[in-house]
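First to last, the sequence lines map onto chains A and B.
According to the numbering used here, the first sequence is numbered sequentially starting from 1.
According to the numbering used here, the second sequence is numbered sequentially starting from 1001.
All C-beta atoms in this analysis are idealised placements derived from N, C-alpha and C, irrespective of residue type, glycine included.
Protein chains: 2
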Amino acid sequence: MALSYNIVENNQAIIERARERVIETISQNMHLYGVTPSIGRLYGTLFFNDEPMTLDEMKEALQMSKTSMSTSVRTLMDLNMVEKVWVKGVRKDLYAAKKDWYQIFFDFFTNQWAKVIQINTKAIHQSMKELEDLLSNENGLTDEQRAQIQLDIEKLRYTDAYYRWLEKLISTFENKAIFDFVNREQER
Amino acid sequence: MALSYNIVENNQAIIERARERVIETISQNMHLYGVTPSIGRLYGTLFFNDEPMTLDEMKEALQMSKTSMSTSVRTLMDLNMVEKVWVKGVRKDLYAAKKDWYQIFFDFFTNQWAKVIQINTKAIHQSMKELEDLLSNENGLTDEQRAQIQLDIEKLRYTDAYYRWLEKLISTFENKAIFDFVNREQER
DNA sequence: ATGTTTGTACAGTATAAACTGTACGTAAAA
DNA sequence: TTTTACGTACAGTTTATACTGTACAAACAT
Chain A
1 MALSYNIVEN
11 NQAIIERARE
21 RVIETISQNM
31 HLYGVTPSIG
41 RLYGTLFFND
51 EPMTLDEMKE
61 ALQMSKTSMS
71 TSVRTLMDLN
81 MVEKVWVKGV
91 RKDLYAAKKD
101 WYQIFFDFFT
111 NQWAKVIQIN
121 TKAIHQSMKE
131 LEDLLSNENG
141 LTDEQRAQIQ
151 LDIEKLRYTD
161 AYYRWLEKLI
171 STFENKAIFD
181 FVNREQER
Chain B
1001 MALSYNIVEN
1011 NQAIIERARE
1021 RVIETISQNM
1031 HLYGVTPSIG
1041 RLYGTLFFND
1051 EPMTLDEMKE
1061 ALQMSKTSMS
1071 TSVRTLMDLN
1081 MVEKVWVKGV
1091 RKDLYAAKKD
1101 WYQIFFDFFT
1111 NQWAKVIQIN
1121 TKAIHQSMKE
1131 LEDLLSNENG
1141 LTDEQRAQIQ
1151 LDIEKLRYTD
1161 AYYRWLEKLI
1171 STFENKAIFD
1181 FVNREQER
């Protein structure tokens, strides 16, 4: 016996609503990865879509311009959250959500955070060097200046040590050693 | 013999420049904590200022409005990056940068990330429940729908497990156990 | 080759966020 | 109590960012 159209339709709505709820919360909370709700929504949509999507399909699904889809998907690729999928015979570009959230988390640190660490470290070293040079080469310093420089150098050394520690932490993400310390349990 | 005014002044400029470089890089990279460059600059200024500052001093230092200083400093307090300092006899509110960057890092996760985890988890559980109910109670499901629901539930279980893992990781930040795994070395 | 289709650069527009100035409630000082 | 000073709510302005539509280059099809 064929199922009633209404029941099928209604069940479909329930499924849809369950998906949409999660997609929407993800989208609202992806600012932690530095992306807008729109981009988060796109990721969520791709995550639940079992087939890779074309830009036109995304445009259709989110009711947005194709240009936006293009730039958004690029942002998601930069974050290693989405990958291009090649299917022979299909002309349009296809994109799929990467589904390994642990890896996404790790990649965010090994990419975004590591970049910042590198930039900040460079500035810190440069300033540290200038201050140390000033302290050792220059004798035209007031006592107050000398004390000031000492304090600043101490602060810079502290932040430098912090970044070294952060690098170590991130490397345990990168090589997955963190799982030895915080176990990844079986999903029930 | 008194030091030449020019030399003292010039040295002061070098010190200032060394500070500014670091403050500026910090400000440009604090987006990882979800704050604007302006707010980052304020934190940097407070970090290098050895005395707590009033809103008027901040306004003066950054050449911005007092209102901005007020809201910015509030944001920094929400992030546990700045604290109010009480000095008897001083009428104006005084604020100082918290200097423990490890703690700031940890607090960011125990506050911001944990909040997101909680919200997302709630949505995931809700949707998971709805789908499981649909699967067990409803017999008006097409085979295709049944398969679809199964897939979605699997995905939700996976993300749930991920968030459980993330909570465990964050708790090692909170209780500092992470230092047992990633050692905090002495700054030379 | 010629004609289509696809993705994106670019410029322009809409929307959101940051920032300012005033005005006011609150608390300290007179 | 009156006066003065401080911090922030609020409305308005400016600036930045997200988003759109068009136009074009590159790749594919014919």
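request  = Keeping to the same chain, check which residues put their C-beta closer than 6 Å to that of A/Met30; ignore five residues upstream and five downstream.
outcome  = Along the first sequence, read from residue 1 onward, the residue named residue 30 of chain A stands at position 30. So the list reads Gly40, once near-sequence residues are dropped.
ask   = A/Leu141 bridges to which residues according to DSSP?
value = As a first step, residue 141 of chain A must be located in the first sequence, where it is residue number 141. Its beta-bridge partners do not exist; DSSP assigns none.
task = Have a look at the DSSP bridge pairing and note the partners of B/Ala1097.
result = Position 97 of the second sequence, counting from 1, holds the residue named residue 1097 of chain B. Its beta-bridge partners are B/Val1082.
query = Cα separation between B/Leu1151 and B/Ser1171?
reply = Locating residue 1151 of chain B in the second sequence gives position 151, counting from the first residue. Locating residue 1171 of chain B in the second sequence gives position 171, counting from the first residue. Their backbone Cα atoms lie some 31 Å apart in a straight line.
request  = Can you have a look at A/Met1 and say buried or exposed, based on whether 16 or more other CB atoms are within 10 angstroms of its CB?
outcome  = Residue 1 of chain A sits at position 1 when you count from the first residue of the first sequence. Residue placement at A/Met1 is poorly supported in this model, since its pLDDT is 47, which falls under 50; the coordinates are not used for a value here.
ask   = Shortest alpha-carbon distance to B/Met1058 belongs to which of B/Ser1136, B/Ala1097, B/Trp1101, B/Arg1021?
value = Position 58 of the second sequence, counting from 1, holds the residue named residue 1058 of chain B. Among B/Ser1136, B/Ala1097, B/Trp1101, B/Arg1021, the Cα nearest to that of B/Met1058 is on B/Ala1097.
message = If contacts are defined as beta-carbon pairs under 8 Å, then B/Phe1106 and B/Phe1173 qualify, I think. What distance do you get, rounded to the angstrom?
response = Counting from one through the second sequence, the residue named residue 1106 of chain B turns up at place 106. Counting from one through the second sequence, the residue named residue 1173 of chain B turns up at place 173. 4 Å between Cβ atoms; contact.
Spatial neighbours of B/Met1128 in its chain, beta-carbon cut-off 8 Å, leaving aside the 5 residues before and after = Numbered from 1 along the second sequence, position 128 holds the residue referred to as residue 1128 of chain B. Answer for B/Met1128: Ile1153, Leu1156, Arg1157, Asp1160, listed in chain order.
task = Tell me B/Met1053's beta-bridge partners as DSSP assigns them.
result = Residue 1053 of chain B sits at position 53 when you count from the first residue of the second sequence. B/Tyr1095, per the DSSP bridge assignment.
inquiry  = Against chain A, with Cβ distances strictly below 7 Å, would B/Ile1124 count as a contact?
reply    = Here residue 1124 of chain B refers to the residue found at position 124 when the second sequence is read from its first residue. Closer than 7 Å: yes.
request  = Run down chain B in chain order and give the residues with a C-beta less than 9 Å from the C-beta of A/Glu51.
outcome  = Here the question's residue 51 of chain A lines up with position 51 in the first sequence. Near A/Glu51 there are no residues of chain B at all, since even the closest Cβ is about 12 Å away, more than 9 Å.
query = Going by other Cβ atoms of all chains shown within 10 Å of its Cβ, with 16 needed for buried, is B/Gly1089 buried or exposed?
reply = Walking along the second sequence from the start, residue 1089 of chain B turns up at place 89. Looking at its Cβ environment, which holds fewer than 16 other Cβ atoms inside 10 Å, B/Gly1089 is exposed.
key: Amino acids of chain B, ordered along the chain, whose beta-carbon sits closer than 8 Å to that of A/Trp101   = Locating residue 101 of chain A in the first sequence gives position 101, counting from the first residue. Result: Tyr1158, Thr1159, Tyr1162.
inquiry  = Is the separation between the beta-carbon of B/Val1035 and that of A/Leu32 shorter than 7 Å?
reply    = Looking up residue 1035 of chain B in the second sequence gives position 35. Looking up residue 32 of chain A in the first sequence gives position 32. Contact: no.
request  = Could you tell me if B/Glu1011 is buried or exposed, where buried requires 16 or more neighbouring beta carbons within 10 angstroms of its beta carbon?
outcome  = For the purposes of this step, residue 1011 of chain B is taken as the residue at position 11 of the second sequence. According to the sequence provided, residue 1011 of chain B is Asn. The question's Glu does not apply to it. Buried: at least 16 other Cβ atoms inside 10 Å.
task = Express the C-alpha separation of B/Arg1019 and B/Phe1048 in angstroms, rounding to a whole number.
result = Locating residue 1048 of chain B in the second sequence gives position 48, counting from the first residue. Locating residue 1019 of chain B in the second sequence gives position 19, counting from the first residue. Approximately 7 Å between the Cα atoms of the pair.
key: B/Ala1123 burial status per 10 Å Cβ neighbour count (16 or more: buried)   = Against the second sequence, residue 1123 of chain B aligns to sequence position 123. Buried.
query = How many angstroms separate the CA atom of B/Asp1069 from the CA atom of B/Tyr1095?
reply = Translated into positions along the second sequence, residue 1069 of chain B becomes position 69. Translated into positions along the second sequence, residue 1095 of chain B becomes position 95. In the sequence under discussion, the amino acid at residue 1069 of chain B is Met, which differs from the Asp named in the question. Computed Cα separation, rounded: 11 Å.
key: Near-chain B residues of the segment 29-44 of chain A - C-beta to any C-beta below 7 Å   = Asn29, His31, Leu32, Gly34
ask   = Is A/Glu165 buried or exposed, if buried means 16 or more other CB atoms sit within 10 Å of its CB?
value = Position 165 of the first sequence, counted from the start, is the residue given in the question as residue 165 of chain A. In the sequence on display, residue 165 of chain A carries Trp and not Glu. Buried, since its Cβ has 16 or more Cβ neighbours within 10 Å.
task = Verify the CB distance criterion: does A/Gln150 have a CB-CB separation below 7 Å to chain B?
result = The count along the first sequence starts at 1 and reaches residue 150 of chain A at position 150. With 7 Å as the cut-off, A/Gln150 does not count as an interface residue toward chain B.
request  = Would you mind reading off the limits of the alpha helix (DSSP H) that contains B/Leu1032?
outcome  = As a first step, residue 1032 of chain B must be located in the second sequence, where it is residue number 32. From DSSP, B/Leu1032 is part of no alpha helix (DSSP H); its letter is neither H nor E.
ask   = Considering only C-alpha positions, which residue in the set B/Leu1169, B/Tyr1162, B/Asn1175, B/Pro1037 is nearest to A/Glu187?
value = Locating residue 187 of chain A in the first sequence gives position 187, counting from the first residue. When only C-alpha atoms are compared, the closest one is B/Tyr1162.
ask   = What are the boundary residues of the alpha helix (DSSP H) that A/Gly40 is part of?
value = If you number the first sequence from 1, residue 40 of chain A lands on position 40. First-last of the alpha helix (DSSP H) with A/Gly40: 37-48.
ask   = Over what stretch of residues does the alpha helix (DSSP H) that includes B/Phe1181 continue unbroken?
value = Reading the second sequence from its first residue, position 181 is the one you call residue 1181 of chain B. First-last of the alpha helix (DSSP H) with B/Phe1181: 1178-1181.
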